[in-house]
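Quick note: the sequence shown uses our numbering, first residue 111, plus one each step. Note that the Cβ used here is the ideal one computed from N, Cα and C, for glycine as well. The structure appears below as structure tokens.
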Amino acid sequence: MEIIDSPTEQTTAATAVILMVMAFTAAVYLRRIGVANRWKARVWSWAFGMLALAAALGAVVHGFVMSEETYSALIQPLNFTLGMLVALFVVAVVFDLWGQSVAARVLPFALLIGVGFFSLTLIWPDRFLVFIVY
């Protein structure tokens with residue numbers, strides 16, 4: 111694969127790689143220290159794991175020249191990962207604000223809304239505004 115020529119895209123890809131490493135490190139660290147509350151640690155580590163995966167996909171999408179087919183094949187899992195990331199982040203924040211019982215009730219709805227966001231990206235591909243609204 112050929113590295114993209116655009117300095118802006120190269121910077122975006124490099125930033126995504128840094129974010130990927132930091133998010134993956136946070137996910138692993140949370141798993142290790144989350145003994146006091148495993149449910150909370152799992153939700154936060156899954157959120158950071160989704161962030162790491164989204165950043166990895168973003169680094170590839172923004173960093174390399176690729177065909178439209180390859181781009182489309184990568185952007186779909188990227189959008190799904192972003193949908194799950196936001197959903198899990200909301201659940202983790204709900205946990206921090208109102209506790210595990212409320213967060214556990216919110217979890218399936220948040221994940222369903224994340225899948226709904228992903229579905230909208232299939233209907234309106236290449237529209238970042240859908241993610242901004244989400």
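Query	Result
Could you please give me the residues that DSSP links to Ile113 through a beta bridge?	Phe174
Please identify the residue among Val153, Asp236, Gln186, Thr180 whose C-alpha is closest to the C-alpha of Leu217.	Val153
Who are the Cβ neighbours of Arg142 in its own chain at under 7 Å, not counting the five residues just before and after it?	none
Roughly how many angstroms lie between the CA atoms of Leu232 and Thr118, to the nearest whole one?	26 Å
Quick one: Cα of Val213 to Cα of Met111, how far?	Note on residue identity: the sequence assigns Ala, not Val, to residue 213. Looking at the two C-alpha atoms, the distance is approximately 43 Å.
Using a Cβ distance threshold of 8 Å, determine whether the region 183-191 contacts the region 132-150, with at least three qualifying pairs required.	no
I believe Ala220 touches Val201 by the beta-carbon criterion, under 8 Å. Please report the beta-carbon distance rounded to the nearest angstrom.	5 Å
Classify Trp156: buried if its beta carbon has 16 or more other beta carbons within 10 angstroms, exposed otherwise.	buried
Between the C-alpha atoms of Gly193 and Gly168, what's the straight-line distance to the nearest angstrom?	14 Å
Measure the C-alpha to C-alpha separation of Ile113 and Gly209 and round it to an integer number of angstroms.	46 Å
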